[in-house]
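Those protein sequences? They're chains A and B, same order as listed.
Using numbering that gives the first Met the number 0, read the first sequence as starting at 0 and increasing by one per residue.
Using numbering that gives the first Met the number 0, read the second sequence as starting at 0 and increasing by one per residue.
Where a beta carbon is used, it is the ideal one built from N, C-alpha and C, also for glycine.
Being a predicted model, the structure only gives us computed values, none of them experimental.
As structure tokens, the structure follows; a few thoughts come after it.
There are 2 protein chains.
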Amino acid sequence: MYGVILAGGSGTRFWPLSREEYPKQLLNIFGNQTLIQATLSRVSDLIPSKQLYIVTNPKQAEQIQLQLPSSGELGPHFISEPFGRNTAAAIGLAAVTLRKQLQDGVMVVLSADHFVRHTPVFLNALRQAEQLAEEGYLVTIGAKPTRPETAYGYIERGKVLSENSPASKVLRFIEKPKLEIAEGFFQKDAFFWNTGIFVWKVSTILTEIERFLPELSEGLKAIEDKIGTKEEGDCLEAIYAELPATSVDYGILEKSDRIAVIPTDMGWEDVGSWNALDEVIPKDADGNIITGNVVNVDSKNSTIYGDKRMIAVVGLDNIVVADTDDATLVCDKASAQDVKKVVAILKAKKAESHRVHRTIIRAWGSFTTLEEGPGYKIKRIVVNPHSRLSLQRHKKRSEHWVVVSGTARVTCGESVYTIQENQSTFVPMGVKHRLENPTDEPLQLIEVQSGRYLGEDDIVRYQDDYGRAKNGRIEKKKG
Amino acid sequence: MYGVILAGGSGTRFWPLSREEYPKQLLNIFGNQTLIQATLSRVSDLIPSKQLYIVTNPKQAEQIQLQLPSSGELGPHFISEPFGRNTAAAIGLAAVTLRKQLQDGVMVVLSADHFVRHTPVFLNALRQAEQLAEEGYLVTIGAKPTRPETAYGYIERGKVLSENSPASKVLRFIEKPKLEIAEGFFQKDAFFWNTGIFVWKVSTILTEIERFLPELSEGLKAIEDKIGTKEEGDCLEAIYAELPATSVDYGILEKSDRIAVIPTDMGWEDVGSWNALDEVIPKDADGNIITGNVVNVDSKNSTIYGDKRMIAVVGLDNIVVADTDDATLVCDKASAQDVKKVVAILKAKKAESHRVHRTIIRAWGSFTTLEEGPGYKIKRIVVNPHSRLSLQRHKKRSEHWVVVSGTARVTCGESVYTIQENQSTFVPMGVKHRLENPTDEPLQLIEVQSGRYLGEDDIVRYQDDYGRAKNGRIEKKKG
């Protein structure tokens with residue numbers, strides 16, 4: 000079996016913890032793992048890492064890569080979408096990639112940001128689904144409702160397919176219902192949440208795409224022709240832009256007659272907004288979920304995501320507070336769906352806080368913007384052991400570096416020298432330089448940038464350990 | 000007439016905008032002036048600046064001083080309480096100070112943090128009160144209630160004192176009443192809010208203190224003996240600690256038979272908590288008070304005090320959000336009185352955020368702690384034109400300075416030199432140094448401190464323009 004993990008996302012629903020370039024799947028909301036790490040480890044007993052395909056965009060691919068274990072074995076493949084074109088296109092792109100490489104096989108479609116409480120139940124359902132997929136079914140995994148949820152789609156099951164399995168034909172799919180309708184579904188045994196987890200043969204789904212979405216099918220074939228050639232990237236970009244943006248549910252599943260459902264009771268949730276956390280995270284005696292540096296006086300039923308800064312909450316009921324370095328959200332849980340309106344406003348205002356965090360993680364370490372003002376910007380930079388930034392030059396700014404812990408090897412013009420904790424150096428405007436941590440301990444330094452223009456795009460890279468000196472698209476990033 | 004302004008305060012009610020060392024009276028909540036600036040300018044037509052006495056503690060005196068206009072004329076006097084001992088002691092200390100200097104006179108007791116909408120009405124009441132005070136009355140100023148407020152005390156007036164004035168005898172004082180009682184008062188013409196603004200002769204109040212609070216009277220006399228001598232400070236500190244902490248209302252006014260009230264309709268408020276702002280600040284169409292960098296989606300009846308950082312509020316009703324660099328409050332308005340519980344918790348935890356802000360204002364400029372970590376601390380320092388910090392030395396830290404705007408004259412050991420924007424310098428541990436702005440423009444620099452101990456008290460001052468090299472008490476401050 001092959002795993003296809005849909006890992007896009009716009010970062011709006013869990014803003015300000017999520018950002019456009021750092022969406023939900025990259026967050027550690029529940030515990031020890033981020034959502035994508037949990038997704039990968041959940042299937043690891045069934046699908047080896049090298050049989051996983053992560054469909055995402057280039058910026059998110061970079062961040063996902065940083066969250067993968069750096070083991071010796073071959074990790075997941077990345078399939079890069081130049082733009083989001085909804086699930087039918089993403090799944091189709093994965094399917095033609097698999098067909099090109101493997102002719103055929105059973106693929107499991109997963110989302111990078113789901114919660115599953117009972118992994119063995121989930122894996123068992125996938126195993127059952129595999130058999131049905133081999134028989135030519137498009138198999139959906141259904142989850143037994145635990146409440147009349149209106150934020151999920153439902154599946155009504157029909158006849159069972161065989162005596163000794165709960166797998167059934169699907170009577171119909173129902174999109175997010177009104178509460179009265181959802182309450183009716185919740186009373187009956189025949190209705191399941193549509194998890195968006197699908198199992199089918201590559202050949203089956205591509206046949207169905209050809210049948211129901213011929214335009215998408217044509218585009219995918221054209222892309223398939225170029226996979227593995229040097230025109231692949233350009234072709235993908237040109238064709239993808241023109242593909243119809245349809246969901247696989249609406250475009251295929253609601254129309255096909257080859258659909259089966261495996262009902263499960265696996266404790267599944269699609270954590271779609273701040274108030275949805277209530278379903279998956281244990282609460283204190285007053286119904287609160289509280290993390291971080293928080294002082295609470297008499298609040299209840301509230302979710303407080305603090306960080307280092309002090310958050311004091313007094314007498315709140317049913318409120319979400321989520322704090323980050325550069326932005327804080329305070330939201331009534333009843334309005335949690337409207338957080339995306341905030342992000343839309345920030346985007347329209349061109350505020351950076353919809354797009355990135357103040358701390359940006361890179362392969363070599365991270366940097367945090369501490370303060371910006373006219374003519375200066377202050378960053379804390381952490382360089383991982385035995386890592387280095389690119390050999391680079393800035394046309395419009397100079398940089399002062401003060402080491403606060405660790406040891407830095409500095410290249411500045413023709414000189415190469417070492418500075419330690421409590422030493423500083425100066426990189427004049429226009430001078431080629433490089434920052435390197437040659438030790439086993441992290442290097443931490445404060446950078447004070449000075450100049451009339453301090454944008455991240457004022458950088459010319461000459462050599463880079465992460466391939467960024469060659470690639471126009473990501474050349475403009477810091478580091 | 001002499002003005003006595005009670006300017007203490009623990010900084011709890013408007014936390015996190017107010018702090019222990021920066022209480023409400025220092026805040027600019029309503030507009031162009033801070034509360035103490037407004038208090039001083041409100042009486043300026045009636046009482047010359049040099050006849051004003053501000054009763055406060057030494058730390059707050061320093062901050063108040065920075066908010067006074069630096070005109071050539073003689074400013075207000077400061078009377079320094081070593082500890083807070085409630086209003087009877089504070090008023091008594093002012094009274095004996097005035098008796099020592101002037102024998103007798105009429106004194107107006109004001110609070111530093113009141114709101115008055117109609118200044119001419121207020122001043123007119125003070126003029127009427129002055130006459131009654133001369134006749135030996137303890138005169139209180141009453142304010143006509145505009146609602147059945149339960150957070151204020153009330154005065155019931157009795158017979159008018161003369162035909163052509165509304166001034167009346169006082170029947171009784173009522174402490175903060177329950178709502179049903181307050182509603183009854185609000186219906187009747189005979190009840191007024193007790194504003195805590197009093198007018199009386201120095202000799203009258205001291206006679207009444209002698210009569211009703213003999214222990215306080217004895218202590219005050221002992222202090223009065225030493226006023227103007229070199230034992231004044233030690234004597235004050237020793238005696239003040241033992242004085243009874245009684246309010247003038249409870250200790251004197253509720254017992255004396257020489258009380259009059261001048262009823263007014265001056266638009267008075269004692270802005271005692273975050274939700275009390277609703278009474279004095281104009282609201283938008285949805286009932287919100289919003290300042291700072293705030294994005295609001297569908298919130299109503301809420302007060303949002305943002306600053307530079309982005310605050311997004313979604314669907315809130317009746318909530319207060321107050322943001323500062325190091326702490327954010329989110330509070331239901333119904334629980335606004337419980338903000339003091341937060342401050343008590345922070346104090347118990349020894350969290351700095353109950354005591355000071357991240358930006359601390361000094362006579363020479365200001366400094367802001369941007370970040371602290373193990374072994375380092377980063378500050379932005381602003382030095383006012385033609386100002387300088389003390390000549391100083393640190394035993395346990397070195398300092399890197401990077402100028403981001405302006406020009407610094409640096410003394411470091413035996414050297415004196417100038418650095419400009421985009422230049423930096425290093426002050427090694429133990430070396431005597433001084434930072435000075437010799438120009439007409441502000442100087443802004445980033446300081447990276449490095450060392451095993453980075454407390455503000457690691458400072459030895461050799462010369463200081465603000466007298467701090469001599470005074471043990473405030474020697475330990477930064478700057």
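* **Member of 47/A, 38/A and 323/A whose CA lies at the smallest distance from the CA of residue 358/A** => Residue numbering aside, residue 358/A sits at position 359 when the first sequence is read from its first letter. Answer by Cα proximity: 323/A.
* Classification of residue 451/A by the beta-carbon crowding that lies within 10 angstroms, buried from 16 upward -> In the first sequence, residue 451/A corresponds to position 452, counting from 1. Residue 451/A comes out exposed.
* **Residues that residue 79/A bridges to, as DSSP identifies them** => Working through the first sequence from its first residue, we reach residue 79/A at position 80. Its beta-bridge partners are 55/A.
* So, helix, strand or coil for residue 6/B, using DSSP? -> Taking the first residue of the second sequence as position 1, residue 6/B is located at position 7. Under the three-state reduction of DSSP, residue 6/B is assigned to coil, being neither helix nor strand.
* Asked: Could one say the Cβ of residue 353/A lies closer than 7 angstroms to chain B's Cβ atoms, at least one of them?
  -> By 1-based counting over the first sequence, the position of residue 353/A is 354. It does not; no Cβ of chain B falls within 7 angstroms.
* **Proximity below 7 angstroms, CB of residue 128/B to CB of residue 198/B** => If you number the second sequence from 1, residue 128/B lands on position 129. If you number the second sequence from 1, residue 198/B lands on position 199. Cβ distance < 7 angstroms, so residue 128/B and residue 198/B count as in contact.
* Length-filtered (3 minimum) beta strand (DSSP E) runs lying within the segment 419-458 of chain B -> Listed in chain order, the beta strand (DSSP E) elements of length 3 or more contained wholly in the segment 419-458 of chain B are 423-426, 432-436 and 442-450.
* Which residues of chain D have a Cβ atom closer than 8 angstroms to the Cβ of residue 330/B, listed in chain order? -> Included in the structure are the protein chains A and B, with no chain D among them.
* Identity of the residues DSSP links to residue 462/A by a beta bridge -> The residue you call residue 462/A lines up with position 463 of the first sequence. Secondary-structure assignment with DSSP links residue 462/A through a beta bridge to 390/A.
* If you measure beta-carbon to beta-carbon, which residues of the segment 396-427 of chain A are closer than 8 angstroms to chain B? -> Answer set for the segment 396-427 of chain A: 397, 399, 401, 403, 404, 420, 421, 423 and 425.
* Would a check of beta-carbon distances place residue 375/B closer than 7 angstroms to chain A? -> Your numbering for residue 375/B matches position 376 in the second sequence. Yes, because at least one Cβ of chain A sits closer than 7 angstroms to the Cβ of residue 375/B.
* Asked: Between the Cα of residue 313/A and the Cα atoms of 35/A, 329/A and 79/A, which residue gives the shortest distance?
  -> Working through the first sequence from its first residue, we reach residue 313/A at position 314. Between residue 313/A and the set 35/A, 329/A and 79/A, the nearest pair of CA atoms involves 329/A.
* In the DSSP assignment, find the beta strand (DSSP E) that holds residue 140/B and state where it starts and stops. => Position 141 of the second sequence holds residue 140/B. For residue 140/B, the uninterrupted beta strand (DSSP E) run begins and ends at 137-142, by DSSP.
* Please check if any C-beta of chain B sits within less than 7 angstroms of the C-beta of residue 344/A. => Against the first sequence, residue 344/A aligns to sequence position 345. Taking Cβ atoms only, chain B reaches closer than 7 angstroms to residue 344/A, which makes this a yes.
* Asked: Do you know whose CA, among 432/A, 332/A, 152/A and 310/A, lies nearest residue 246/A's CA?
  -> Within the first sequence, numbered from 1, the residue matching residue 246/A stands at position 247. 152/A is the residue among 432/A, 332/A, 152/A and 310/A whose C-alpha sits nearest the C-alpha of residue 246/A.
* Give the single residue among 376/A, 79/A and 295/A whose Cα lies nearest to the Cα of residue 338/B. => By 1-based counting over the second sequence, the position of residue 338/B is 339. When 376/A, 79/A and 295/A are compared, the shortest CA-CA separation from residue 338/B is found for 295/A.
* Alpha-carbon to alpha-carbon, residue 15/B and residue 284/A -> Locating residue 284/A in the first sequence gives position 285, where the first residue counts as 1. Locating residue 15/B in the second sequence gives position 16, where the first residue counts as 1. Whole-angstrom Cα-Cα distance: 27 angstroms.
* **Members of the segment 429-461 of chain B that neighbour chain A once the beta carbon cut-off is set at 7 angstroms** => Residues of the segment 429-461 of chain B that bring their beta carbon within less than 7 angstroms of a beta carbon in chain A comprise 445, 447 and 449, in sequence order.
* To do: Step through the CB atoms of chain A and report whether any lies within less than 7 angstroms of the CB of residue 341/B.
  => Here the question's residue 341/B lines up with position 342 in the second sequence. Yes, residue 341/B lies at the interface with chain A (some Cβ there is under 7 angstroms from its Cβ).
* residue 172/B to residue 258/B, Cα distance in whole Å? -> Indexing the second sequence from 1 puts residue 172/B at position 173. Indexing the second sequence from 1 puts residue 258/B at position 259. When the Cα atoms are used, residue 172/B and residue 258/B turn out to be separated by approximately 10 angstroms.
* Asked: Between residue 434/B and residue 62/B, what straight-line distance do the alpha-carbon atoms span, to the nearest angstrom?
  -> For this step, residue 434/B is matched to residue 435 along the second sequence. For this step, residue 62/B is matched to residue 63 along the second sequence. Spanning the two alpha carbons is a distance of roughly 22 angstroms.
* In terms of alpha-carbon separation, which member of 380/B, 449/B and 263/B lies closest to residue 442/B? -> Here the question's residue 442/B lines up with position 443 in the second sequence. If we check each option's Cα against that of residue 442/B, 380/B comes out closest.
* To do: Might you give, ordered along the chain, the residues of its own chain that have their beta carbon closer than 6 angstroms to the beta carbon of residue 465/A, omitting 5 neighbours on each side?
  => Within the first sequence, residue 465/A is the residue found at index 466, counting from 1. Exclusion of the five residues before and after residue 465/A leaves 362 as the residues of its chain whose Cβ lies within less than 6 angstroms of its Cβ.
* Asked: How do the segment 364-377 of chain A and the segment 398-416 of chain A stand: do at least 3 beta-carbon pairs fall below 8 angstroms, yes or no?
  -> Of all C-beta pairs linking the segment 364-377 of chain A to the segment 398-416 of chain A, fewer than three are shorter than 8 angstroms, placing the two stretches out of contact.
* **Exposed unless 16 or more other CB atoms sit within 10 angstroms - verdict on residue 432/A** => Here residue 432/A refers to the residue found at position 433 when the first sequence is read from its first residue. Result: buried.
* Between the Cα of residue 458/B and those of 398/B, 210/B and 286/B, spot the shortest distance and give me the residue it belongs to. => Here residue 458/B corresponds to residue number 459 of the second sequence, with the count starting at 1. The residue with the shortest Cα to Cα distance from residue 458/B is 398/B.
* Asked: Grouping DSSP H, G and I as helix and E and B as strand, with all else coil, what is residue 226/A?
  -> Translated into positions along the first sequence, residue 226/A becomes position 227. The answer is coil: DSSP assigns residue 226/A none of H, G, I, E or B.
* Asked: If you run the structure through DSSP and keep just helix, strand and coil, what is residue 262/A?
  -> Position 263 of the first sequence, counted from the first residue, corresponds to residue 262/A. Strand at residue 262/A.
* Asked: So what's residue 13/A in DSSP terms, helix, strand or just coil?
  -> Translated into the one-based positions of the first sequence, residue 13/A becomes position 14. The answer is coil: DSSP assigns residue 13/A none of H, G, I, E or B.
* Asked: Under 8 angstroms Cβ-Cβ, which residues of chain A neighbour residue 369/B?
  -> Walking along the second sequence from the start, residue 369/B turns up at place 370. Against chain A, a Cβ distance below 8 angstroms from residue 369/B picks out 369, 370 and 377.
* Closest by CA to residue 123/A, which one among 453/A, 263/A, 456/A and 351/A? -> By 1-based counting over the first sequence, the position of residue 123/A is 124. Answer by Cα proximity: 263/A.
* Asked: So is residue 461/B buried or exposed if we call it buried at 16+ other beta carbons inside 10 Å?
  -> Looking up residue 461/B in the second sequence gives position 462. The residue is exposed, with fewer than 16 neighbouring Cβ atoms inside 10 Å.
* Taking only the alpha-carbon atoms, compute the straight-line gap between residue 118/A and residue 234/A and give it to the nearest angstrom. => By 1-based counting over the first sequence, the position of residue 118/A is 119. By 1-based counting over the first sequence, the position of residue 234/A is 235. One alpha carbon belongs to residue 118/A, the other to residue 234/A, and they sit about 39 angstroms apart.
* **Minimum Cβ-Cβ distance from residue 326/A to chain B less than 7 angstroms** => By 1-based counting over the first sequence, the position of residue 326/A is 327. Yes, residue 326/A counts as interfacial toward chain B.
* Asked: What residues are listed by DSSP as bridge partners for residue 411/B?
  -> For the purposes of this step, residue 411/B is taken as residue 412 along the second sequence, with counting starting at 1. Answer by DSSP bridge pairing, in chain order: 414/B and 432/B.
* For residue 371/A, which beta-bridge partners are listed by DSSP? -> Taking the first residue of the first sequence as position 1, residue 371/A is located at position 372. Beta-bridge pairing links residue 371/A to 376/A.
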